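Protein chains in written order, with the working numbering: chain S, 1 to 453; chain C, 454 to 731.
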């Protein structure tokens with residue numbers, strides 16, 4: 001029978017597709033173990049660092065083959081969930097402190113306590129390590145982190161007749177300054193995230209207030225009806241409704257806040273020092289007018305830190321080797337090498353003693369030095385609670401209605417509280433805030449130990 | 454023949470229409486101008502400003518090409534797009550033919566089910582689709598990118614409507630001459646619905662070339678990345694070189710503009726095909 005040309009053509013078309021074999025994540029060459037590592041948004045800038053890191057680990061561990069995969073930030077949660085559902089999650093995964101607890105609650109990560117070689121409390125800052133602890137189990141090793149700093153556009157402030165040194169550095173003072181800046185110039189001083197990716201729950205904790213409370217039977221429930229919390233949220237909502245904050249404060253994400261600053265639309269923002277390089281690349285004139293200083297703090301006097309974490313997944317067939325890899329990557333020596341090529345801070349106190357963190361020759365150096373010095377009084381205010389991402393998600397959706405639709409703040413917080421209680425129903429208060437409340441848990445995360453002075 | 458009473462649109466309405474059309478055109482084109490402007494601006498220009506001729510450079514294009522290692526992703530996108538478009542056109546036409554031309558029990562139900570798939574967003578079926586691809590051992594392969602979307606409900610619908618607009622006498626005449634169903638499909642239906650198939654081909658090319666979500670999830674090795682995934686990586690967490698990313702996006706858009714210009718004539722005819730049933 002004569003074969004039809006179209007059929008032959010179809011087969012030829014499919015050949016290039018089938019020439020790429022699927023990746024086997026379990027076993028590598030015979031007798032060797034394959035460990036898959038997923039990192040967050042490090043390519044292509046850190047290809048060399050990561051390739052060298054992996055090569056050195058494989059040299060020290062000749063029976064382990066490491067497969068390094070870098071995943072864009074926005075895709076990580078989706079890709080990790082899909083992979084886990086299909087039974088092919090990686091062995092080691094790099095997650096952000098903002099959403100890693102979600103995967104703990106789904107049973108996707110393992111407790112590293114028994115696999116960790118040595119005492120983790122001797123390796124990492126207490127506060128950074130506590131981010132990875134939930135229910136007294138160690139679900140994550142802290143990798144690099146950033147203590148937030150303040151960015152000021154001196155030219156915009158000067159145009160408004162404001163001396164940058166006189167701009168308050170606490171949130172109540174900044175709220176007043178934003179109002180008077182708007183009244184004077186018709187422009188926005190800042191675009192804090194109140195709705196989408198809301199910082200309000202963390203600021204509540206930073207003001208020594210507890211969004212959750214422990215009940216007599218040991219369970220936890222919402223404490224959002226606390227009049228002090230209602231007053232604090234009301235002040236932010238009133239500021240937004242007065243027009244002193246842009247629409248992005250209600251609906252924009254972290255990227256929008258940076259975008260407004262680098263376009264010269266706001267004169268002040270708070271973020272990690274690593275974003276200074278992005279401003280340098282995108283807006284040279286804004287970069288030239290930018291002055292850095294320590295970030296504003298709440299009543300607890302603690303600067304907020306953001307921590308990147310390394311976790312071992314429950315689907316890993318080689319948890320011991322995976323933990324060893326995570327431990328190697330987060331070691332003091334390797335974190336110091338990493339911190340020397342980018343504006344981040346290590347989670348290992350030993351690394352932070354290096355003179356590198358006291359250099360102030362360039363603006364980028366200065367921002368890193370300010371961030372490093374802030375570590376004396378810095379903490380992650382994110383509670384060690386698996387349900388926290390779900391709670392914040394509810395908070396964000398509801399608070400937007402107060403910001404955008406004029407809903408009553410007290411009623412909105414009550415509604416959020418009821419939804420929180422539904423999520424928390426029957427949940428026992430975990431270790432870190434077994435003593436009293438969430439505020440205590442967050443405050444006990446101070447990472448002042450051994451920070452450079 | 455002209456109507457005895459011709460209506461003349463008042464001049465102010467014509468001006469208003471032109472101004473409104475101009476405004477819409479500016480709104481549509483402005484992001485593209487901005488994209489191109491940032492792509493050709495040197496490092497001294499802020500990303501919210503357009504460069505002056507003295508501030509223009511082409512180094513961002515070579516920079517993006519090298520920093521993003523875009524050659525391999527470009528080839529991968531080319532492979533994926535070509536095969537995706539060809540499969541989409543052929544399979545949609547093949548599925549539409551019996552739905553348009555033969556009578557069998559449950560035909561309308563099958564068609565309704567196909568239409569229903571149009572209402573399910575890609576994100577919803579992401580996890581089950583991913584599981585299927587992994588079970589088929591297609592994870593991290595270009596086949597895994599193409600096969601799940603090798604045919605679409607929209608394509609089948611488009612082809613069915615086009616085939617229904619062709620007079621039945623055409624295939625009846627072919628059948629009388631002894632043509633088999635395959636021959637009727639191959640020698641009557643495909644040539645007569647060519648404009649529609651070309652339109653579907655263009656839609657498939659554009660959809661496949663710009664698809665980010667699915668390749669991002671299903672691909673793992675950078676050597677298998679398609680162009681949108683590779684461009685996404687240029688926007689890293691630490692230093693997003695926006696000029697490189699924009700220059701890369703301009704490079705990625707050029708083939709689409711070329712295809713549109715080449716296929717424009719077919720596209721317009723195809724969009725009208727099936728609008729009026731013959």
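For each residue, glycine too, the CB sits at the ideal point set by N, CA and C. Values in this document were obtained by computation on a predicted structure and should not be read as measured data.
Item: Beta-carbon contacts of residue 150 (chain S) that lie in its chain and below 6 Å, excluding the five residues immediately before and after; Value: 270, 293 and 295
Item: Cβ of residue 651 (chain C) within 8 Å of any chain S Cβ; Value: no
Item: Test item: CB-CB of residue 92 (chain S) and residue 35 (chain S) under 8 Å; Value: yes
Item: Buried or exposed by the 16-neighbour rule on C-beta atoms within 10 Å, applied to residue 713 (chain C); Value: exposed
Item: Endpoints, the beta strand (DSSP E) within which residue 222 (chain S) is located; Value: 220 to 222
Item: Residue 587 (chain C) at chain S interface by Cβ criterion, 8 Å; Value: yes
Item: Contact set for residue 570 (chain C): own chain, Cβ-Cβ below 7 Å, skip 5 residues either direction; Value: 606
Item: Residues near residue 638 (chain C) by beta carbon distance below 6 Å, same chain, minus five either side; Value: 550
Item: Element boundaries [alpha helix (DSSP H), containing residue 651 (chain C)]; Value: 647 to 663
Item: Rounded straight-line distance, which links the Cα of residue 178 (chain S) to that of residue 238 (chain S); Value: 12 Å
Item: Expected contact under 8 Å - CB spacing of residue 285 (chain S) and residue 507 (chain C) to nearest Å; Value: About 16 Å; that fails the 8 Å criterion.
Item: Whole-angstrom distance between residue 344 (chain S) and residue 172 (chain S), CA atom to CA atom; Value: 28 Å
Item: Span of the beta strand (DSSP E) around residue 65 (chain S); Value: 64 to 71
Item: Same chain only: Cβ atoms within 7 Å of residue 26 (chain S), ignoring 5 sequence neighbours per side; Value: In this prediction, residue 26 (chain S) has a pLDDT of 47, which is less than 50 and means its spatial position is unreliable; what the coordinates show is noted afterwards. Hits under 7 Å: 34 and 317.
Item: Any beta strand (DSSP E) of 3 or more consecutive residues that is wholly inside the region 91 to 167 of chain S; Value: 92 to 96, 141 to 147 and 149 to 153
Item: Extent of the continuous beta strand (DSSP E) to which residue 303 (chain S) belongs; Value: 303 to 312
Item: Separation of residue 358 (chain S) from residue 198 (chain S), as counted between CA atoms; Value: 32 Å
Item: Element boundaries [alpha helix (DSSP H), containing residue 32 (chain S)]; Value: Residue 32 (chain S) -> no alpha helix (DSSP H), and no H or E assigned at all.
Item: Burial state of residue 576 (chain C), where buried means 16 or more other Cβ atoms lie within 10 Å; Value: exposed
Item: Residue 277 (chain S) versus residue 396 (chain S): straight-line alpha-carbon distance, rounded; Value: 29 Å
Item: Residue 290 (chain S) versus S:224, S:337, S:158 and S:305, residue with shortest Cα-Cα distance; Value: S:158
Item: Those runs of the alpha helix (DSSP H) which lie wholly inside the region 491 to 561 of chain C and span at least 4 residues; Value: 512 to 520 and 524 to 554
Item: Boundaries (first-last residue) of the alpha helix (DSSP H) holding residue 334 (chain S); Value: 332 to 339
Item: Unbroken alpha helix (DSSP H) run spanning residue 414 (chain S), endpoints; Value: 409 to 424
Item: Inter-residue Cα distance where the pair is residue 398 (chain S) and residue 412 (chain S); Value: 7 Å
Item: Cβ of residue 281 (chain S) within 8 Å of any chain C Cβ; Value: yes
Item: Euclidean distance between Cα positions of residue 479 (chain C) and residue 580 (chain C); Value: 40 Å
Item: Amino acids of chain C, ordered along the chain, whose beta-carbon sits closer than 8 Å to that of residue 69 (chain S); Value: 673 and 674
Item: Residues in the region 559 to 590 of chain C having any Cβ partner in chain B nearer than 7 Å; Value: Although the question refers to chain B, the structure presented lacks it and instead comprises the protein chains S and C.
Item: Anticipated Cβ contact below 8 Å, residue 699 (chain C) with residue 492 (chain C), distance rounded; Value: 4 Å
Item: Inter-stretch contact at 8 Å, needing at least 3 Cβ pairs: the region 701 to 716 of chain C / the region 510 to 530 of chain C; Value: yes
Item: Of the residues C:632, C:578, C:574 and C:666, the one placed nearest residue 86 (chain S), counting alpha carbons only; Value: C:578
Item: Supposed close pair residue 103 (chain S), residue 112 (chain S) - CB separation, criterion 8 Å; Value: So it is not a contact: roughly 14 Å between Cβ atoms.
Item: Within chain C, partners of residue 104 (chain S) - CB distance below 7 Å; Value: Per Cβ cutoff of 7 Å: no residues; residue 104 (chain S) is ~19 Å from chain C at best.
Item: Secondary structure, alpha helix (DSSP H): runs of 4+ residues fully inside the region 167 to 250 of chain S; Value: 171 to 185, 200 to 206 and 227 to 241
Item: Cβ neighbour criterion (16 or more within 10 Å) applied to residue 593 (chain C); Value: buried
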